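Colleague: What follows is a single structure, and I will ask about it in a moment.
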Amino acid sequence: MTRPIDTLITILSWISGIILLGAISSIIGYLLLKGIGAIKVSLIFGETNPVDALFLRKQVFDGIFPAIIGTFALVVLSVGFAVPVGLASGIYLSEYAGPKIKNVFNLSFDILAGIPSIVIGLFGFSLAVFLHKHLSQYIFPCLLISSLCLAFLVLPYIVRTTQVSLENIPEQTRLTALALGATKLQNIFYVLIPKSLSGIVSGIILSIGRCAEDTAVIMLTGVVATAGVPKSILSHYEALPFYIYYISSQYSNTEELLRGYGASIVLLAICSFFFFIAFVVRNRLRYHAFYRI
Amino acid sequence: MDTMIKIKITHLNFSYNDHYVLKDITAEFQENSITAIVGPSGTGKSTLLTTLNRLWEGIPNARMNGKVEIRFAGHLYDIYDRYYSLSELRKAVGMVFQTPNPLPMSIYRNIAFPLKLAGHEKKDAIADRVEHALRDVYLWGDVKDRLSENALGLSGGQQQRLCMARALILEPDILLLDEPTSSLDAKAGGFIEDLLQNIKGRCTILVVSHYLDQVKRIADTVMELSNGTFIEGEM
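Heads up: the protein sequence lines correspond to chains X and G, in order. The first sequence begins at 0 in numbering that gives the first Met the number 0 and counts up one residue at a time. The second sequence begins at 0 in numbering that gives the first Met the number 0 and counts up one residue at a time.
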């Protein structure tokens, strides 16, 4: 016979799940309702011919195409910086670090995870000023500085999910390849990482989402309202989160606000695209992809 | 005779979290024979096996002192010498665990895995050795037409034989088995026992077992662990 407390917990669990689903559906539903009408070629390319814009023959002034490119570049660069460092750190903490070093690193990453994004943005701005003064006058807040700061922001997610995923592998699985003569490195690459891919990819997906949506960091480190498609990693750039922010705070008519909703849908679509790539990569990187025989 | 000794343990002590599991163990194991290690639960039988391939070394707070020597190519080597290669030791001292642990990949890849770890690249040679290993464990007939299927789809007994094939493919000098039939039915267990009798001519076998009937059937020597000490007897 089920105890009343079990029934209560079951009901509360269901309610929590329904609230969560309801919240997600409401947000996405509201965005789609408001913004789907604004999804047009002109939202993305403005007055510029799409083909000319895509081949970078002409600049786009009224559309979000430069912001889309900027966001793509931002996510690719920041995740590109963070993933190798985060993976290596997670593997080091799980497989190599002694208990004292592990405690120091874990505390450091916890502190890093707790730093507000605006503070990281301020750090990035200060870094840009310092480099401009002491290294090269051509260094400004730019795509590179923003990417590095975002990489700092998401590093704790990747490190922690990698570390925890590896540490949760059962002892017998951990010993299987070692008992067959594998070196420690072979064990890590052929058994442990494939086994913990699900957790690792979850961390990467979290990071992708954070990099794509964070506004505070990029506001201080290189994003501007109008810069066109970024010419290099040392140039100013546009980004969708910033576009959504300034258009929703400074719109002068309903049409502009609806463009903000449209840009939000585009940003969600970009994040979904990156998540899809992450899932595909995870599914392809099964055990047999790690060794050919 | 000294030349018949394959493994020599001298004053071995093993502790975990400052609690002694093995105390002053001194023993010798004969070459090309089956030695059964018996005793109550918790007396360190499985731990003793892990001292022979140094698999205990990943466990935090575990400590060991004493000497373990194994005869390879006519010479006794101290396997805890710091210049001794761990991966080479474990290729020569194979281990089969109590619970079958195939990796989540195909039957073929599971068996070929140790060869890949050892750096073998030639596909034809690998395929031959895989077939030979599966025949050794009487599994070839069951799986020859489905080598690309996931090994996790095999029955428990088949998985355990697959694990044995995987351990045997590198032709180890020594095979350590930790209660290899405890999770199997009588028929599957019988297969394993026959297999051990067939391979003891080319391999020194140490098997931990709780089944005295099984010990009587297969073991040349029985060693009982009790409170960290050995009581030795011959069949």
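The C-beta atom is built at its ideal place from N, Cα and C for all residues, glycine as well. Predicted, not measured: the structure shown is a model, and the values here were computed from it.
Can you tell me which of the three DSSP states residue 228/X falls into?
Modeller: To locate residue 228/X, count along the first sequence from 1; it is residue 229. Coil.
Colleague: Counting pairs of Cβ atoms below 8 Å between the region 150-170 of chain X and the region 237-244 of chain X, do you hit three or more?
Modeller: Segments in contact, no.
Colleague: How far does the alpha helix (DSSP H) with residue 214/G in it extend, from its first residue to its last?
Modeller: The sequence position of residue 214/G within the second sequence is 215, counting from 1. Per DSSP, residue 214/G belongs to the alpha helix (DSSP H) from 211-217.
Colleague: Could you tell me which residues DSSP pairs with residue 7/G in its beta bridges?
Modeller: Taking the first residue of the second sequence as position 1, residue 7/G is located at position 8. The partner list for residue 7/G (beta bridge, DSSP) reads 27/G and 68/G.
Colleague: Is the CB of residue 182/X under 8 Å away from at least one CB in chain G?
Modeller: The residue given as residue 182/X occupies position 183 in the first sequence. Yes - at least one Cβ of chain G is within 8 Å of the one on residue 182/X.
Colleague: Given this structure, state the Cα-to-Cα distance separating residue 221/G from residue 8/G, to the nearest angstrom.
Modeller: Here residue 221/G refers to the residue found at position 222 of the second sequence. Here residue 8/G refers to the residue found at position 9 of the second sequence. Near 16 Å, if we compare the C-alpha coordinates of residue 8/G and residue 221/G.
Colleague: Does residue 93/G come out as helix, strand or coil in the three-state DSSP assignment?
Modeller: Walking along the second sequence from the start, residue 93/G turns up at place 94. Strand.
Colleague: Is the Cβ-Cβ distance between residue 47/G and residue 106/G less than 8 Å?
Modeller: Translated into positions along the second sequence, residue 47/G becomes position 48. Translated into positions along the second sequence, residue 106/G becomes position 107. No, they are not a contact pair.
Colleague: When the Cα atoms are used, what is the spatial distance from residue 32/G to residue 4/G?
Modeller: Counting from 1 along the second sequence, the entry for residue 32/G is found at position 33. Counting from 1 along the second sequence, the entry for residue 4/G is found at position 5. If you take the alpha carbons of residue 32/G and residue 4/G, they lie about 10 Å apart.
Colleague: Looking at the strands, I want to know which residues DSSP matches up with residue 98/G.
Modeller: Counting from 1 along the second sequence, the entry for residue 98/G is found at position 99. Its beta-bridge partners do not exist; DSSP assigns none.
Colleague: Applying the 10 Å Cβ sphere with the 16-neighbour rule, what's the burial state of residue 265/X?
Modeller: For the purposes of this step, residue 265/X is taken as residue 266 along the first sequence, with counting starting at 1. Buried.
Colleague: What span of residues does the alpha helix (DSSP H) with residue 279/X cover, start to end?
Modeller: Counted from its first residue, the first sequence places residue 279/X at position 280. Run containing residue 279/X: 253-283, per the alpha helix (DSSP H) assignment.
Colleague: Would you say residue 143/G faces chain X, with C-beta separation under 8 Å as the test?
Modeller: Stepping through the second sequence from its first residue, residue 143/G is reached at position 144. It does not; no Cβ of chain X falls within 8 Å.
Colleague: Could you list which residues in chain X have their beta carbon closer than 7 Å to that of residue 86/G, in chain order?
Modeller: The residue labelled residue 86/G in the question sits at position 87 within the second sequence. By Cβ distance, chain X contributes 180, 181 and 182.
Colleague: Mind checking residue 140/G: buried by the 16 CB within 10 Å criterion, or exposed?
Modeller: Along the second sequence, one-based indexing puts residue 140/G at 141. Residue 140/G comes out exposed.
Colleague: Determine, using beta carbons only, whether residue 80/X and residue 64/X come nearer to each other than 8 Å.
Modeller: Position 81 of the first sequence, counted from the first residue, corresponds to residue 80/X. Position 65 of the first sequence, counted from the first residue, corresponds to residue 64/X. No, these two residues do not count as a Cβ contact at 8 Å.
Colleague: Taking CB distances under 8 Å as the criterion, tell me whether residue 1/G reaches chain X.
Modeller: Your numbering for residue 1/G matches position 2 in the second sequence. Its pLDDT being 48, under 50, residue 1/G is placed unreliably by the model, and the measurement read from it follows with that caveat. Not one chain X Cβ lies under 8 Å of residue 1/G.
Colleague: Under 8 Å: do the region 178-197 of chain X and the region 84-101 of chain X share three or more Cβ pairs, one atom per stretch?
Modeller: With a cut-off of 8 Å, the region 84-101 of chain X and the region 178-197 of chain X count as touching, because enough Cβ pairs lie within range.
Colleague: Using a beta-carbon distance below 8 Å, is residue 162/X in contact with chain G?
Modeller: Stepping through the first sequence from its first residue, residue 162/X is reached at position 163. For residue 162/X, the answer is no, since every Cβ of chain G falls outside 8 Å of its Cβ.
Colleague: List the residues of chain X whose Cβ lies closer than 8 Å to the Cβ of residue 165/G, in chain order.
Modeller: Your numbering for residue 165/G matches position 166 in the second sequence. What residue 165/G touches in chain X: 179.
Colleague: Let me see if you follow: with CB-CB separation under 8 Å, is residue 151/G close to chain X or not?
Modeller: Counting from 1 along the second sequence, the entry for residue 151/G is found at position 152. It does not: the Cβ of residue 151/G has no partner Cβ on chain X nearer than 8 Å.
Colleague: Applying a beta-carbon distance threshold of less than 7 Å, which residues of chain X neighbour residue 238/G?
Modeller: Because chain G in this structure spans residues 0 to 234, residue 238/G falls outside the shown range and cannot be described.
Colleague: Among 208/G, 68/G and 132/G, which residue has its Cα nearest to the Cα of residue 178/G?
Modeller: Position 179 of the second sequence holds residue 178/G. Of the listed residues, the one whose Cα sits closest to residue 178/G is 208/G.
Colleague: For a minimum of 4 consecutive residues, which ranges assigned as the alpha helix (DSSP H) are wholly contained in the region 127-185 of chain G?
Modeller: Segments of the alpha helix (DSSP H) lying fully in the region 127-185 of chain G: 139-142 and 155-167.
Colleague: Does the CB of residue 174/X have a neighbour CB from chain G at under 8 Å?
Modeller: Taking the first sequence and counting its residues from 1, the one referred to as residue 174/X is at position 175. Yes, contact with chain G.
Colleague: Quick check: is any heavy atom of the ligand ATP less than 7 Å from the C-beta of residue 138/G?
Modeller: With respect to the ligand ATP, the structure shown offers nothing to examine, as it has no ligands at all.
Colleague: Which residues, in order along the region 99-117 of chain X, keep a beta-carbon less than 8 Å from a beta-carbon of chain G?
Modeller: For the region 99-117 of chain X, which is checked against every Cβ of chain G, not one residue is closer than 8 Å.
Colleague: To the nearest whole angstrom, what separates the beta carbons of residue 151/X and residue 119/X, a pair I think is in contact under 8 Å?
Modeller: As a first step, residue 151/X is located in the first sequence; it is residue number 152 there, counting from the start. As a first step, residue 119/X is located in the first sequence; it is residue number 120 there, counting from the start. Their Cβ separation, rounded to whole angstroms, is 6 Å, which keeps residue 151/X and residue 119/X in contact under 8 Å.
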